[in-house]
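Asks:
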Amino acid sequence: MAVTPGGVPRQRLWLEHRSRQLEDGHPREVQARIGLVLAGGKTALAKHLKEGQRVRVGGFLSRAGYKGEARDRLQLIVETLEPLD
9 MAVTPGGVPR QRLWLEHRSR QLEDGHPREV QARIGLVLAG GKTALAKHLK
59 EGQRVRVGGF LSRAGYKGEA RDRLQLIVET LEPLD
């Protein structure tokens, strides 16, 4: 876990989504991966998570950075994180 210059704990995780969806009536395999950022007290939400565990996440989207390729990557700033298993 990292700590910001202001002393705020910050943790980064990856969320993977896999499902089968219908697109224009045709089945399609869908996969996506997005970085999750937990800051401050929110880092405790991930304390007992296990790799591969199903979760429900709420928050808001933000750029991963402001320079280079990071400008085009999204990350989800976590406000709620709920294990489903």
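Going by my numbering, the first residue of the sequence shown is number 9, and it counts up by one from there. By construction, the Cβ of each residue, glycine as well, lies at the ideal position given by its N, Cα and C atoms. Treat the numbers as computed from the prediction; the structure is a model and nothing was measured.
Looking at the structure shown, is Thr51 part of a helix, part of a strand, or coil, going by DSSP?
Replies: helix
Asks: Which residues mark the beginning and the end of the beta strand (DSSP E) in which His25 is found?
Replies: 17 to 31
Asks: With three or more beta-carbon pairs closer than 8 angstroms as the criterion, would you say the region 30 to 38 touches the region 57 to 72?
Replies: no
Asks: Which residues does DSSP list as the beta-bridge partners of Ala10?
Replies: Arg18
Asks: Does DSSP put Gly76 in a helix, in a strand, or in coil?
Replies: helix
Asks: Mind checking who Leu44 pairs with in its DSSP beta bridge?
Replies: Leu21, Leu84
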